[in-house]
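In mature numbering (1 follows the signal peptide of the UniProt record, and there is no 0), the protein residues as written are -20 to -1, 1 to 192.
Spelled out as structure tokens, the structure:
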């Protein structure tokens, strides 16, 4: 009898956790955090899970083995950060560096024909959740590096990323991220889910991508 009740509670719990949240329940999950003190983003984080709404980005996620980021302060301004990205795609390592400007609760980055605006959302301890709007034009050179082509001259996408200091996150933390993604309009399985069996690129071994 106790086993049956336990099973019933488990099924009910899974149902409740997977059901859509109300706007009131979503609000604390998707309200941007203050970036007045951006130090919570400093250091290395690993790309764990993501959703995106554009097919080109979905295809990029499919060939991504691993990605890590390192965010540091910029020597030029207290309102600027520097982000290093190292990605392994199709078994090949690529690196890029760009500047982030803090504008209120929004982080902005612009380099070559790519512009990004992101918000930092509530997350688990040791994690970062970013909701990202991006626009990219003339990225054929980058796409060719990963053996992918697109006929679109400009790509506008909305994405949400879960980054973590570790290479895995707890099931409850993953479930909360999926709820956040649902609140932001995403559904189904993530477009990227890091496999801990896959290696990360070591700093310095990557081909540096020049956006010019």
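A virtual CB, placed ideally from N, CA and C, is assigned to each residue, including glycine.
Are the CB atoms of residue i and residue j nearer to each other than 8 Å?
| i | j | result |
| --- | --- | --- |
| residue 76 | residue 60 | no |
| residue 40 | residue 49 | no |
| residue 30 | residue 172 | yes |
| residue 144 | residue 44 | no |
| residue 135 | residue 36 | yes |
| residue 95 | residue 81 | no |
| residue 140 | residue 100 | no |
| residue 160 | residue 9 | yes |
| residue 181 | residue 104 | no |
| residue 97 | residue 32 | no |
| residue 167 | residue 1 | no |
| residue 174 | residue 51 | no |
| residue 106 | residue 146 | yes |
| residue 85 | residue 12 | yes |
What's the call for residue i, buried or exposed, on a 16-neighbour Cβ count within 10 Å?
| i | result |
| --- | --- |
| residue 22 | exposed |
| residue 148 | exposed |
| residue 177 | exposed |
| residue 152 | exposed |
| residue 67 | buried |
| residue -10 | Below a pLDDT of 50, predicted positions are generally treated as unreliable, and residue -10, at 40, falls in that range; the measurement from the model is reported next regardless. Label assigned to residue -10: exposed. |
| residue 165 | exposed |
| residue 170 | buried |
| residue 158 | buried |
| residue 87 | buried |
| residue 46 | buried |
Identify every residue that forms a DSSP beta bridge with residue i.
| i | result |
| --- | --- |
| residue 67 | 47 and 74 |
| residue 173 | 29 |
| residue 61 | 53 and 80 |
| residue 11 | Residue 11 pairs with nothing; no bridge assigned. |
| residue 94 | 91 and 116 |
| residue 23 | 51 |
| residue 86 | 83 |
Please name the residue, chosen from the options, that lies closest to residue i on a Cα-to-Cα basis.
| i | options | result |
| --- | --- | --- |
| residue 108 | 19, 162 and 6 | 19 |
| residue 142 | 102, 38 and 4 | 102 |
| residue 53 | 133, 183 and 17 | 17 |
| residue 57 | 83, 91 and 71 | 83 |
| residue 6 | 89, 179 and 156 | 156 |
| residue 93 | 179, 42 and 133 | 133 |
Would you check whether the ligand FAD has a heavy atom nearer than 7 Å to the C-beta of residue i?
| i | result |
| --- | --- |
| residue 116 | Looking for the ligand FAD in the displayed structure turns up nothing, as the structure carries no ligands at all. |
Which residue spans inside the stretch 96 to 170 form an unbroken beta strand (DSSP E) run of at least 3? 107 to 117 and 134 to 144
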